[in-house]
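First up is the structure itself, then whatever we jot down about it.
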Amino acid sequence: MRIIRTRDYNHMSEHAAAVIAAQLTLQPNSTLGLATGSTPLGAYVRLVEMCAAGKISFAQVQSYNLDEYRGLTHDDPQSYHHFMWENLFSRVDIDVTRTHVPDGSNEDAASTCANYDAAIEAAGGIDLQLLGIGNNGHIGFNEPGDEFVVGTHCVDLTESTIKANSRLFESIDEVPRQAYTLGIGAIMHARRILVIASGTAKADAVHAMCYGPVTPACPASVLQLHPDCIVIADAAALSAC
Ligand code: GLP
131 MRIIRTRDYN HMSEHAAAVI AAQLTLQPNS TLGLATGSTP LGAYVRLVEM CAAGKISFAQ
191 VQSYNLDEYR GLTHDDPQSY HHFMWENLFS RVDIDVTRTH VPDGSNEDAA STCANYDAAI
251 EAAGGIDLQL LGIGNNGHIG FNEPGDEFVV GTHCVDLTES TIKANSRLFE SIDEVPRQAY
311 TLGIGAIMHA RRILVIASGT AKADAVHAMC YGPVTPACPA SVLQLHPDCI VIADAAALSA
371 C
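Numbering (the working numbering), first residue to last: 131 to 371.
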């Protein structure tokens, strides 16, 4: 794990965007694993700017998002599908037919998850996986538990995640209680992983990810076993390290 300390959120976003831009320059047909949440927004803004300036292109990229709330349709403003369209896909030259987000509107969890894993495998796996981290150490929606779940699966969100994510909903009752998430297997099989973190709310999780025991009680800790994992975090997120 390589840890890059940045000053603040903007500095973190610049570094993260630069890593993704370099990936696209070196391998224009990369398969990207993409993330949602507040943390990647700044990096996405910078990637949009670089694309508009002709410095990078997503034309040959295909993408697989980490997760989606179960029960939300693609056009639901709270869906991660909508988030990706609004913040990245509609603003860069990506071929939208080559972007993928788990289908939250499909109630059939078994087929949704199996199809998603099969599609990623058929695509040859993920070249660069972007990850945020939850306050409780989750990655994607892999919540703390007794074991690492390898495949894409349907997860019951923990109270702490529901509470943390309720800031983006009108009320906590509107937060879906379940989600589809890429499992630890596809994440760890990515050839390169970029984790980004900002703010003191993430400090304990970042410490556990980087220096704690490798345990499903902190899903992000498994990243210690990855041969090419870069953590870009600001000083506040690294304040417990
Ligand atoms: C959500 C997402 C994660 C994300 C995490 C942190 O639960 N499923 O992929 O990393 O929250 O979000 P934020 O970046 O908004 O703190």
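Where a beta carbon is used, it is the ideal one built from N, C-alpha and C, also for glycine. Only a predicted model underlies this, so the values are computations on that prediction, with no experimental measurement involved.
For residue 250 and residue 193, what's the separation of their Cα atoms in angstroms? As a position in the sequence shown, residue 250 is number 120, starting the count at 1. As a position in the sequence shown, residue 193 is number 63, starting the count at 1. Rounded to the nearest angstrom, the two C-alpha atoms are 9 Å apart.
Cα-Cα separation, residue 279 to residue 351: Sequence index remark: in the sequence shown, residue 279 carries index 149 (1-based). Sequence index remark: in the sequence shown, residue 351 carries index 221 (1-based). Roughly 14 Å between the two C-alpha positions.
Is it right to say residue 349 is buried, meaning 16 or more other beta carbons lie within 10 angstroms of its own, or is it exposed? The count along the sequence shown starts at 1 and reaches residue 349 at position 219. It counts as buried.
Touching by the beta-carbon criterion (3+ pairs, under 8 Å), the region 304–314 and the region 189–207: Contact holds: three or more Cβ-Cβ distances are below 8 Å.
Alpha carbon to alpha carbon, how far is residue 173 from residue 149? The residue given as residue 173 occupies position 43 in the sequence shown. The residue given as residue 149 occupies position 19 in the sequence shown. Distance from the CA of residue 173 to the CA of residue 149, rounded to the nearest whole angstrom, comes to 10 Å.
DSSP-derived helix/strand/coil call for residue 134: Here residue 134 corresponds to residue number 4 of the sequence shown, with the count starting at 1. Residue 134 carries a strand assignment under DSSP once its states are collapsed to helix, strand and coil.
Evaluate residue 304 with the Cβ neighbour count: other Cβ atoms within 10 Å of its Cβ, from every protein chain shown; 16 or more gives buried, anything less gives exposed. As a working note, residue 304 is residue 174 in the sequence shown. So residue 304 counts as exposed.
With 16 as the cutoff for other CB atoms within 10 Å, does residue 276 come out buried or exposed? Along the sequence shown, read from residue 1 onward, the residue named residue 276 stands at position 146. In the assembly as shown, residue 276 is an exposed residue. Its beta-carbon has fewer than 16 other beta-carbons within 10 Å.
Can you name the residues that DSSP bridges to residue 309? Locating residue 309 in the sequence shown gives position 179, counting from the first residue. DSSP, once it has assigned bridges, lists 199, 285 as partnering residue 309.
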